[in-house]
Amino acid sequence: MSKRQGGRGAWGRTLLAILVGLGATYGAALAATSGVSAEPAGATGVELAEAVVPPSTAGSGALPAFAAEPMAAHADPVASYTLRASFDPKLHQVRGEGTIVWRNASRIPQRELWLHLYLNAFKNEKTNYMRQRARGFRGGGALADYGWIRVSKLFARELDTELWDKADRHTPGDPDDETDIRVPLPRAIEPGETLTLDVAFVSDLPSVTLRTGFDESFHMVAQWFPKLAKIEPDGRWAHFPFYRFSEFYADYGNYDVTIDAPEGYVVGATGRLDKESAKDGRVERRFLQEDVHDFAFTAWDHFREVTATTADGVALRCLYPPGFDRVATIELDAVRFGLEHFGAAYGKYPYGTVTIVHPPPGAGEAGGMEYPTLITTGGAWWTPETGARAIEGVTIHELGHQWFYGLVATNEHAFPFLDEGLNSYAEGESMEARWPSNSALRLPGGFSVALPAAYRVAAAEVEHNEAVAQSAARFASGSDYGSLVYSRTATILNTLAGVYGPDRVREAIGRYTRRYRFRHPGPEELLGIIRDTMGPDAELATRQAVFERGWVDYSVAEISSSRMDPLGGIFGDPDKPSAAPVLDTYGYRGRVLVRRRGTLVFPVDIDLVMADGSTKRVRWDGKGVTHEVDYEGERELVAAVIDPEHRVLLDDDLLNNAQSQRGGGPGSRVLERGVFGAELLLWLLAP
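As numbered in mature numbering (1 follows the signal peptide of the UniProt record, and there is no 0), residues -31 to -1, 1 to 656 make up the sequence shown, in order.
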């Protein structure tokens, strides 16, 4: 799911980082690496309505393919669904029936099932989800219409028993919530044994909120059927109620879903359309998809549609509101590029379709969400004219979830950073590959901002608040959840890329997605790949950053410089003094003291700046709390800058990364201009 941080303060802090960066590196030399650029007047940046670039020019061939890394061709089906859904747009209801085939894939006999009834999150004001509205994030508005799901049948064929009448009526320990339901079994189901469950239910959609619902005749039908929780290999059920911040976790299976809708409604769904037939004013469509763990569909009688096919034969379909033709073209282009880029980086997309759904105005809560082979986007029709790449970003982000959620299927409730955080890194990396240095914003006059720079600013706001690697249920606020899970995780990975090299991070994430395709990895699997690819120091830094609120702040603490005058004093025997040694040149001697505060350790560069603007670069391994740099040279040392290329994006405070000598010279004047600009902006942003 997409999460965009915004507001005047966030943009102000982005500009602050820009000004400090420009000052600290003496001008435009830093532009390409700081996440900000200023193109010459008349450059392409002034033309905001950028032409769509054909996918052949997008270019992802520079990414390694990791062909030697094993990658599963198919999932091991555990929970498969064959459903018939009759859609009633006037009642905003779906009547469903069908079968669920479940196999005990654990090592332990099972005496119960756990069933998620997530539409009950919207049943009344006392549900677990509705009680959390004050915590922010999406879905915070009042519902115009409530929603629910009612199961009327859950019959186990092999047991010849109706199970639903013995099921619990509410979530464990929460009598006001009905989203996480235990279903006892009359006998144990042995490992490897299969149950066939006949099910019938009615789903009543709420007004659009948090991924699902209706707005007039538009319907986004998600989390709409009784869904089995994930069974872990050790026999534990990974079950949980519907939380505001958490998303979903389920076993893989095969889906065969037939949707019956009135004529005139355009329907988009997970999977490929197998057949379609019309009768008595209604249209029946059958969708099939193997190797997935969820199914969603949309229906609206005002959708416009545009289709395309990639060079690899993936059928693309974009459903969008009237008047959004340019937006649809941009979204299709982004998906074409994304499939190529993500496929090279993280393993080829294994499905035959991608459906893009752009919800209409008023239904924004249905946007910015991912389901297998179906993504929802969002934004106004005029968004591309502003210079912000919001349409491209949300499309690339949700497409990336086909890997980081879809193909690795991590537990999004227990560790949301594994899907949203890794996907935010992948979004930024791919956006930079497609739109270098202007992947977040491009304004007239050539001013631009890169998406990783925006992530760094959002992450810095909350870095000390909570741990990144924790359950979605534990985050205190939507601001913490969004900035830590999305932005800080991406910034951690971007810091690894800056310090150890972007190719090594691409290799690590590429091996992770290939090795654990269809296998539900956890944090330790990711950390193991980082250790094997980048070394134990990188693994330790990542572990501390995500689990322990690890942080770092590099600073220039002291700088001194003085002229090397002829040497004074007594040389040799005091009774028979000799002449003073003659200096070869009358140059300068100096010293720079740098500090590292915090728990994270990264190697950094230090630039020594001379009076004529020239520089000398030295390297510090970052270990220890202080480091001294001695200087001797012909030119006066006037300033020092630590991490001049901003490789350590986790650096807590950029304002202390540089210090100048009094009295100046060209280097110090540029430095002072940058610091002055930063101080001025801080004053302007002060409450």
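Even glycine gets a Cβ: it sits at the ideal position worked out from N, Cα and C.
None of these values were measured; they are calculated from a predicted model.
Inset, instruction - Taking 8 Å as the cut-off, decide whether the C-beta atoms of Asp620 and Asp506 are in contact. - result: no
Legend entry - Gly250 versus Ala230: straight-line alpha-carbon distance, rounded: 9 Å
Inset, instruction - Assess, as a yes-or-no matter, whether the segment 304 to 321 is touched by the segment 398 to 415 under the definition of 3 or more beta carbon pairs within less than 8 Å. - result: yes
Legend entry - Alpha-carbon to alpha-carbon, Arg443 and Val326: 31 Å
Inset, instruction - If I'm right that Phe416 touches Leu391 with Cβ under 8 Å, what's the distance once you round it to whole angstroms? - result: The Cβ separation is near 30 Å, so there is no contact.
Inset, instruction - Quick one: grab the DSSP three-state call for Val515. - result: helix
Inset, instruction - Would you kindly check if the distance between the Cβ of Ala157 and the Cβ of Gln79 is under 8 Å? - result: yes
Inset, instruction - State the Cα-Cα distance for the pair Met503 and Ala477, rounded to the nearest angstrom. - result: 8 Å
Legend entry - Nearest candidate by alpha-carbon position, reference Asp302, set Arg126, His271, Gly538, Gly362: Gly362
Inset, instruction - Return the chain-ordered list of same chain residues with a C-beta closer than 6 Å to the C-beta of Leu17, the five sequence neighbours on each side being excluded. - result: Note on Leu17: pLDDT 38, under 50, position unreliable in the model; the coordinate value appears next. Closer than 6 Å at the Cβ level, and outside the excluded window around Leu17, lie Glu354, Gly356.
Inset, instruction - Would you kindly work out how many angstroms separate the C-alpha atoms of Ser440 and Ala383, rounded to a whole number? - result: 4 Å
Inset, instruction - Answer with yes or no whether the minimum CB distance from Tyr98 to chain B is below 8 Å. - result: No chain B is part of this structure, which consists of one protein chain only.
Inset, instruction - Using three-state DSSP, classify Ala10 as helix, strand or coil. - result: In this predicted model, Ala10 has a pLDDT of only 34, less than 50, meaning its place in the structure is not dependable; the value taken from the coordinates is given anyway. Ala10: coil per DSSP, three-state reduction.
Inset, instruction - Under 7 Å Cβ to Cβ from Asp114, same chain only, skipping five residues before and after it: list those, please. - result: Pro175, Ser176
Inset, instruction - Return helix, strand or coil for Met400, following the three-state DSSP convention. - result: helix
Inset, instruction - Quick one: residues in its chain with C-beta nearer than 6 Å to the C-beta of Glu66, no 5 flanking neighbours on either side, listed in chain order? - result: Arg53, Ala169
Legend entry - Other residues of its chain near residue 657: CB distance less than 6 Å, five sequence neighbours each side excluded: Residue 657 is absent from the structure shown; the chain starts at -31 and stops at 656.
Legend entry - Other residues of its chain near Asp203: CB distance less than 8 Å, five sequence neighbours each side excluded: Ser75, Arg76, Ile77
Inset, instruction - For the alpha helix (DSSP H) holding Val474, just list the boundary residues, first then last. - result: 471 to 484
Inset, instruction - Spell out a yes or no on whether the segment 569 to 583 and the segment 510 to 520 are touching, meaning 3 or more CB-CB pairs, one atom from each, closer than 8 Å. - result: yes
Inset, instruction - Kindly list the residues whose CB is nearer than 8 Å to the CB of Ser452, restricted to its own chain and excluding five residues on each side of it in sequence; keep chain order. - result: Gln(-27), Ala427, Ala428, Glu430, Val431
Inset, instruction - Look at the alpha carbon of Arg295 and the alpha carbon of His188, and state the distance between them as a whole number of angstroms. - result: 23 Å
Inset, instruction - Quick one: grab the DSSP three-state call for Gly362. - result: helix
Inset, instruction - Could you pull out every residue in the same chain whose Cβ sits closer than 8 Å to the Cβ of Pro291, ignoring the five residues on either side in sequence? - result: His271, Arg273
Legend entry - Bridge-paired residues (DSSP) for Arg565: Tyr523
Legend entry - Leu82 versus Pro492, Ile528, Glu159, Phe91, residue with shortest Cα-Cα distance: Glu159
Legend entry - Own chain, CB closer than 6 Å to Arg72, minus 5 neighbours either side, in chain order: Val47, Thr163
Inset, instruction - Give the single residue among His370, Ser172, Phe516, Arg104 whose Cα lies nearest to the Cα of Arg213. - result: Arg104
Inset, instruction - Measure the Cβ-Cβ separation of Ala284 and Gly240 and say whether it is below 8 Å. - result: no
Legend entry - For Gly538, three-class secondary structure by DSSP: coil
Legend entry - Nearest-angstrom beta carbon gap, Asp599 and Arg588 [assumed within contact, 8 Å]: No, Arg588 and Asp599 are not in contact; Cβ-Cβ is about 14 Å, not under 8 Å.
Inset, instruction - Compute the Euclidean distance between the alpha carbons of Val21 and Arg411, then round it to the nearest angstrom. - result: Per-residue confidence for Val21 stands at a pLDDT of 43, beneath the threshold of 50, marking its modelled position as unreliable; no derived number is given.
Inset, instruction - Please report the residue range of the alpha helix (DSSP H) in which His310 lies. - result: 294 to 315
Legend entry - Spatial distance of Pro319 from Val171 (CA atoms): 33 Å
Legend entry - Endpoints, the alpha helix (DSSP H) within which Asn97 is located: 97 to 100
Inset, instruction - Kindly indicate which three-state DSSP category Ser(-30) falls into: helix, strand or coil? - result: coil
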